[in-house]
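If you read the protein sequences in the order shown, they are chains P and V. The first sequence lines up with residues 295 to 407 when you count with my numbering. The second sequence lines up with residues 295 to 407 when you count with my numbering. Input: a single structure, listed below in structure tokens.
There are 2 protein chains.
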Amino acid sequence: MDCIFCKIANGEVPGEFLYRDAKVFAVKDINPQAPIHYLVMPIEHIPSVADLAPERLPIVAELMRVANHLAEKEGISKRGYRLVINCRREGGQAVPHLHMHLLGGRALLGKLG
Amino acid sequence: MDCIFCKIANGEVPGEFLYRDAKVFAVKDINPQAPIHYLVMPIEHIPSVADLAPERLPIVAELMRVANHLAEKEGISKRGYRLVINCRREGGQAVPHLHMHLLGGRALLGKLG
Chain P
295 MDCIFCKIAN
305 GEVPGEFLYR
315 DAKVFAVKDI
325 NPQAPIHYLV
335 MPIEHIPSVA
345 DLAPERLPIV
355 AELMRVANHL
365 AEKEGISKRG
375 YRLVINCRRE
385 GGQAVPHLHM
395 HLLGGRALLG
405 KLG
Chain V
295 MDCIFCKIAN
305 GEVPGEFLYR
315 DAKVFAVKDI
325 NPQAPIHYLV
335 MPIEHIPSVA
345 DLAPERLPIV
355 AELMRVANHL
365 AEKEGISKRG
375 YRLVINCRRE
385 GGQAVPHLHM
395 HLLGGRALLG
405 KLG
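This is the structure in structure tokens:
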């Protein structure tokens with residue numbers, strides 16, 4: 295599997311885990327667009343949200359749980375934050391392994407894309 | 295409850311439903327930022343994702359299910375799309391009733407906020 299996020303998940307490529315459990319992990323975005331810019335994703339290789347079979351939809355709630363946990367830990371829960379999932383080409387998905395962006399630490403712009 | 299999205303949900307304010315079931319509904323964004331710009335949200339009034347108690351997290355998977363359904367219906371599943379949840383002030387949340395933006399129909403920009 296030639297997927298950079300799978301390689302980080304399995305230790306083949308070194309990465310700093312901000313969070314990790316049996317299903318989900320989180321790392322920093324290497325090109326941050328805000329003071330806090332994390333990526334929260336399943337360990338399982340799912341290419342995009344458009345590839346989520348109905349029985350796999352609960353993983354999205356798991357990503358949300360971890361994003362909320364990290365926002366709380368970073369002290370931005372009350373100030374607010376933004377969650378983005380890019381899907382495939384027109385969505386601007388850079389790596390074909392489903393991931394949720396968590397952005398915060400400043401007032402984010404109203405433009406969504 | 296003085297919430298515009300609750301009023302649309304309960305029919306007090308007229309709205310065109312793109313989707314509706316017992317838990318979730320979807321409407322067009324009144325200030326669209328892309329050819330397709332829909333809002334998918336719970337009927338239940340939850341102010342933001344930061345207010346989601348752990349037992350309510352599955353609603354996020356329901357929002358995802360409906361967003362994927364609408365993307366499929368609009369023919370943008372293969373081209374791609376973007377999902378955004380703004381949380382509270384710095385996240386740019388305009389209405390304090392949890393909602394997921396579905397944007398598509400053109401190549402979205404890489405800037406996320």
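For glycine and all other residues, C-beta sits at the position ideal for the given N, C-alpha and C.
query, result
"Looking only at C-alpha atoms, which of V:323, V:402, V:381 and V:332 sits nearest to residue 399 of chain P?", "V:381"
"Under 8 Å, do residue 333 of chain P and residue 340 of chain P count as touching if we go by C-beta distance?", "no"
"Check whether the Cβ of residue 346 of chain P lies closer than 8 Å to any Cβ atom in chain V.", "yes"
"Roughly how many angstroms lie between the CA atoms of residue 390 of chain V and residue 375 of chain V, to the nearest whole one?", "24 Å"
"Mind the definition here: the stretch 342-359 of chain V touches the stretch 321-332 of chain V only if three or more C-beta pairs lie below 8 Å; say whether that holds.", "no"
"Of all the CB atoms in chain V, is at least one closer than 8 Å to the CB of residue 354 of chain P?", "yes"
"Going by C-alpha distance, which of P:388, P:295 and P:406 is nearest residue 342 of chain P?", "P:388"
"Can you tell me which of the three DSSP states residue 362 of chain V falls into?", "helix"
"Below 9 Å on C-beta distance, what does residue 402 of chain V contact in chain C?", "The structure shown contains no chain C; its protein chains are P and V."
"Taking the alpha-carbon of residue 359 of chain P as reference, which of P:304, P:313 and P:392 has the nearest alpha-carbon?", "P:313"
"Does any C-beta atom of chain P lie closer than 8 Å to the C-beta of residue 335 of chain V?", "no"
"Under 9 Å, CB to CB, which of the residues in the stretch 354-378 of chain P have a partner in chain V?", "354, 355, 356, 357, 358, 359, 361, 362, 365, 366, 370, 371, 372, 373, 374, 375, 376, 377 and 378"
"Return the first residue and the last residue of the beta strand (DSSP E) that residue 398 of chain P is part of.", "394-398"
"Identify the contact partners of residue 395 of chain V in chain P, using a Cβ-Cβ distance below 7 Å as the criterion.", "406"
"Using a beta-carbon distance below 8 Å, is residue 328 of chain P in contact with chain V?", "yes"
"Residue 297 of chain P bridges to which residues according to DSSP?", "Per DSSP, none; premise fails for residue 297 of chain P."
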